[in-house]
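The structure under discussion appears below in the form of structure tokens.
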Amino acid sequence: MDSDKEFYLDLNKITLLGWESSKSFDAVSSMITAIKKEKIFSAVPVRKIDDLTYSLVRGIQKEYSSREDGGHHRALAHYLEDIPLKVKLSENSRLPDIRFPIQEIYLQI
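This note's numbering numbers the first residue of the sequence shown as 98 and each following residue consecutively.
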């Protein structure tokens, strides 16, 4: 697949790995609200592991902050809403050392 093309991952059919094991309930709820209002988000950078497994990658997404962001909030919100996540292959980015399935992220209240 061409690394310049954006595409959608159905998070109920594939496994998406990330390095954060928990996320803020409020932040994920805000993302869900934005998704329901059809806000357009940029593609989340991922690396393909195999046909059914992808991983979020470490990197700075300048449109959101100067901190390292992997798209965990967006991925979890899309998973919970059963809406495919817009992604883009990023072959040159670092894979995290520890990875958890997005579907198993714990929501902190």
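For every residue, glycine included, the Cβ atom is placed at its ideal position computed from N, Cα and C.
Residue i and residue j closer than 8 Å at C-beta
i	j	result
residue 180	residue 111	no
residue 169	residue 120	yes
residue 103	residue 140	yes
residue 128	residue 155	no
residue 122	residue 204	yes
Residue i, DSSP secondary structure in three states
i	result
residue 177	helix
residue 129	helix
residue 137	coil
residue 160	Because the pLDDT at residue 160 is just 49, under 50, the model does not fix this residue reliably, and the point stays unresolved.
residue 195	coil
residue 123	helix
residue 201	helix
residue 144	strand
Where residue i falls, given that 16 or more other Cβ within 10 Å makes a residue buried
i	result
residue 152	buried
residue 105	exposed
residue 64	Past the edges of the chain, shown from 98 to 206, lies residue 64, and the structure says nothing about it.
residue 186	buried
residue 161	With a pLDDT of only 47 at residue 161, under the threshold of 50, the placement of this residue in the model should not be trusted; the figure read from the coordinates follows. Residue 161 should be labelled exposed.
residue 163	Unreliable positioning characterises residue 163 in this predicted model, as indicated by a pLDDT of 49, which lies under 50. The coordinate reading is nonetheless provided below. Flag for residue 163 reads exposed.
residue 198	exposed
residue 125	buried
residue 192	exposed
residue 195	exposed
Residue i - partner residues in DSSP beta bridges
i	result
residue 115	197
residue 183	105
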